[in-house]
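In terms of this note's numbering, the sequence shown has 317 at position 317, counting the first letter as 1, and numbering is strictly consecutive. Note that beta-carbon positions come from the ideal geometry of N, C-alpha and C, so glycine has one too. On a predicted model such as this, the values are computed, not experimentally measured, just so you know.
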Amino acid sequence: MYDPLVDSFPRAGQPHVRSYWQAHTQTELPTAANVLPEHADIVVIGAGYTGLNAALELAERFQQQVVVLDANQLGWGCSTRNAGFAMPGTGRLGYGDWQKRCGTDVAKAIQGEYQRGFERLEQHLAHCPEQLQVQRGGYLKIAHEPKAIEGLKAAYQVLQQFEPSARWLDAEAIQARVHSPQAHAAIHYPQSFGLNPVLLHASVARQAATAGVTFVENAPVQHWDTVGEQQRLHTAKGRICTTKVIIASNGYTPNHLHSSIHGRTLPVLSSVIVTRPLTSDERQAIGVSTQELVMDTRTLKYYYRLLPDGRLLFGGRGAIRGKDAHHPRYARHLLEALRGTFPALRRLSQEPVDYYWSGWVSVALDNYPRIYSPTAGVYTSMGYCGAGVTFTQIAGQRLAELAMGEKLPELPFYQSGLPKFPLPHLRRVGQWAYYQLARWRSL
Numbered sequence: 001m002y003d004p005l006v007d008s009f010p011r012a013g014q015p016h017v018r019s020y021w022q023a024h025t026q027t028e029l030p031t032a033a034n035v036l037p038e039h040a041d042i043v044v045i046g047a048g049y050t051g052l053n054a055a056l057e058l059a060e061r062f063q064q065q066v067v068v069l070d071a072n073q074l075g076w077g078c079s080t081r082n083a084g085f086a087m088p089g090t091g092r093l094g095y096g097d098w099q100k101r102c103g104t105d106v107a108k109a110i111q112g113e114y115q116r117g118f119e120r121l122e123q124h125l126a127h128c129p130e131q132l133q134v135q136r137g138g139y140l141k142i143a144h145e146p147k148a149i150e151g152l153k154a155a156y157q158v159l160q161q162f163e164p165s166a167r168w169l170d171a172e173a174i175q176a177r178v179h180s181p182q183a184h185a186a187i188h189y190p191q192s193f194g195l196n197p198v199l200l201h202a203s204v205a206r207q208a209a210t211a212g213v214t215f216v217e218n219a220p221v222q223h224w225d226t227v228g229e230q231q232r233l234h235t236a237k238g239r240i241c242t243t244k245v246i247i248a249s250n251g252y253t254p255n256h257l258h259s260s261i262h263g264r265t266l267p268v269l270s271s272v273i274v275t276r277p278l279t280s281d282e283r284q285a286i287g288v289s290t291q292e293l294v295m296d297t298r299t300l301k302y303y304y305r306l307l308p309d310g311r312l313l314f315g316g317r318g319a320i321r322g323k324d325a326h327h328p329r330y331a332r333h334l335l336e337a338l339r340g341t342f343p344a345l346r347r348l349s350q351e352p353v354d355y356y357w358s359g360w361v362s363v364a365l366d367n368y369p370r371i372y373s374p375t376a377g378v379y380t381s382m383g384y385c386g387a388g389v390t391f392t393q394i395a396g397q398r399l400a401e402l403a404m405g406e407k408l409p410e411l412p413f414y415q416s417g418l419p420k421f422p423l424p425h426l427r428r429v430g431q432w433a434y435y436q437l438a439r440w441r442s443l
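Quick look at the structure:
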């Protein structure tokens, strides 16, 4: 599997990952151009959620000539590999963390920015004939062990200032909804919902194409040089020149794509399994509704949702290196976690899974993303820490505004660059140590 810390650039012409979403979704994507234009007002690298939203805003609102380059097919990365969790947040910091760092007013302004992400999601839903296959029932953040209850309850008390519609569920209430020995209390976020990520990606791509955006597939950037104010991108399909480049490849960004962002994020693999359709007895035994998203309070979280056709999607951390991503032990690890979460499905955990895949997410050193210009003529948005389905919608808009010289809201996401990892060549060593510590704490 392509590894951003090892490979110089993604190899062109690779097929989409064999995921549940790709196997069960039929949708129309824009036709890519056969020839790479020689010039553009702005070039966007990466045709995922961030890049597409930025391109749409630039073409529709600012009337820019935009070319979007993708190393493979449109939506080849995590925009079509994620679990489809639309939640109010990004990164790993909650409202309490922001309140301590920046004060209540800033934390409330951040909550407002998350709401703008939801509003943009609703616009994309309205442009999708299948309505993104939305499942509206909220999100449950579950205390997976008794000692996690106190911290979760404290988070809920802070949350009331920002999300008053959120509800606390004690042990009895959560057990009525999720029949698991690892469900001891929960916060219910009613605004969150599940969606089909492939449909979301296609909806934004079609809107961007209608606005005049040009897409070029199988065009990884192999070399990049700057002459004066001109950025020259040399790709597998030729060279394109521009004065502004947006890097929107997030977790799939090659380590040495541009010196200004080198060593500032850690690409981490998240893996997902999808089971066969559960029987009616199995569904009754676990109690999970098809309308709710679930995530636990572990340091290395597990997340799951019941899909519209009755299959159970279950995800968590994957391999550390790309070359190990498809090793069977990581699917087995998720199956073991599934069995621990739902002992009633122990027979299911011994069967082969119908779908197993992985994707790269981008982790920032200080746990939250940045939308910024690392150097003149270059703009980027990276570091969502695996929580980008909602936030990338507004991040793309803000990225476009930044590129066009507009002033962004005075929020932490937009006020500084991504910090560089110390000893960036040892990032994988640090990741391995972090995983070992998390495993030891869970024993």
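In the structure shown, what three-state DSSP assignment does residue i receive?
i, result
"Lys-420", "coil"
"Thr-341", "helix"
"Asp-296", "strand"
"Tyr-20", "helix"
"Ser-259", "helix"
"Lys-244", "strand"
"Gln-131", "helix"
"Thr-226", "strand"
"Trp-168", "strand"
"Gln-415", "coil"
"Ser-192", "coil"
"Ala-126", "helix"
"Gln-182", "coil"
"Tyr-252", "helix"
"Tyr-372", "strand"
"Trp-360", "strand"
"Ser-452", "Residue 452 cannot be examined here, being either before or after the span of the chain that is shown, 1 to 443."
"Ile-187", "strand"
"Leu-36", "coil"
"Tyr-355", "strand"
"Leu-399", "helix"
Closest to residue i by CA distance: which of the options is it?
i, options, result
"Gln-473", "Ile-174, Leu-132, Ala-183 and Tyr-189", "The requested residue 473 does not occur in the structure, where the chain is confined to residues 1 to 443."
"Gly-310", "Gln-135, Asn-367, Ile-371 and Glu-163", "Gln-135"
"Glu-282", "Tyr-2, Asp-225 and Leu-345", "Leu-345"
"Gly-77", "Gln-284, Gly-340, Thr-341 and Pro-267", "Pro-267"
"Ala-155", "Ser-260, Val-106 and Trp-98", "Trp-98"
"Asp-41", "Tyr-414, Gln-63 and Tyr-303", "Gln-63"
"Pro-412", "Gln-65, Met-1, Gly-96 and Val-106", "Val-106"
"Arg-18", "Ile-149, Gly-430 and Thr-80", "Thr-80"
"Arg-11", "Gln-157, Ala-86, Ala-219 and Cys-102", "Ala-219"
"Leu-335", "Gly-322, Gln-350 and His-124", "Gln-350"
"Ser-373", "Val-389, Tyr-356, Leu-402 and Arg-347", "Leu-402"
"Arg-305", "Phe-391, Val-178, Lys-407 and Asp-170", "Val-178"
"Arg-317", "Ala-83, Ile-371, Tyr-414 and Gly-405", "Ala-83"
"Gly-251", "Tyr-379, Leu-233 and Val-363", "Val-363"
"Thr-390", "Pro-197, Thr-265 and Gly-322", "Pro-197"
"Leu-418", "Gly-322, Ile-261, Leu-52 and Gly-13", "Ile-261"
"Phe-85", "Val-378, Phe-314 and Pro-129", "Phe-314"
"Val-35", "Leu-69, Leu-437, Phe-118 and Thr-25", "Leu-69"
"Ile-187", "Gln-431, Leu-152 and Gly-287", "Leu-152"
Assuming contact is defined by CB atoms lying nearer than 9 Å, are residue i and residue j in contact in what I supplied?
i, j, result
"Gln-222", "Thr-235", "yes"
"Tyr-20", "Val-272", "yes"
"Ile-45", "Ile-246", "yes"
"Ala-54", "Ser-249", "no"
"Gly-137", "Phe-193", "yes"
"Pro-88", "Gln-131", "no"
"Ala-319", "Leu-269", "yes"
"Gln-73", "Pro-30", "no"
"Thr-90", "Gly-396", "no"
"Tyr-480", "Leu-408", "Given that the chain is displayed from residue 1 to residue 443, the structure contains no residue 480 and the question cannot be resolved."
"Trp-224", "Gln-231", "yes"
Round the Cβ separation of residue i and residue j to the nearest angstrom and send it over; I've been treating them as touching at under 8 Å.
i, j, result
"Ala-387", "Ser-358", "Contact flag wrong, Cβ pair sits at about 17 Å."
"Ala-59", "Val-216", "The Cβ separation is near 15 Å, so there is no contact."
"Leu-93", "Tyr-368", "5 Å"
"His-144", "Thr-297", "5 Å"
"Arg-61", "His-127", "About 16 Å; that fails the 8 Å criterion."
"Val-353", "Cys-385", "Wrong, their Cβ atoms sit about 26 Å apart, outside the cutoff."
"Ala-337", "Tyr-303", "Their Cβ separation, rounded to whole angstroms, is 11 Å, which puts Ala-337 and Tyr-303 out of contact at 8 Å."
"Phe-9", "Pro-308", "Contact doesn't hold; Cβ gap of about 37 Å is too wide."
"Ser-180", "Thr-392", "Actually they are not in contact, since the Cβ atoms of Ser-180 and Thr-392 sit about 30 Å apart, beyond 8 Å."
According to the neighbour-count rule (16 or more other Cβ atoms, all chains shown, within 10 Å of its Cβ), is residue i buried or exposed?
i, result
"His-425", "exposed"
"Pro-4", "buried"
"Ser-416", "exposed"
"Ala-47", "buried"
"Ser-165", "exposed"
"Ser-203", "buried"
"His-201", "buried"
"Arg-347", "exposed"
"Val-294", "buried"
"Ala-185", "buried"
Beta-carbon of residue i versus every beta-carbon of chain C: anything under 9 Å?
i, result
"Arg-329", "Checking the listed chains, one finds no chain C in this structure; it contains a single protein chain."
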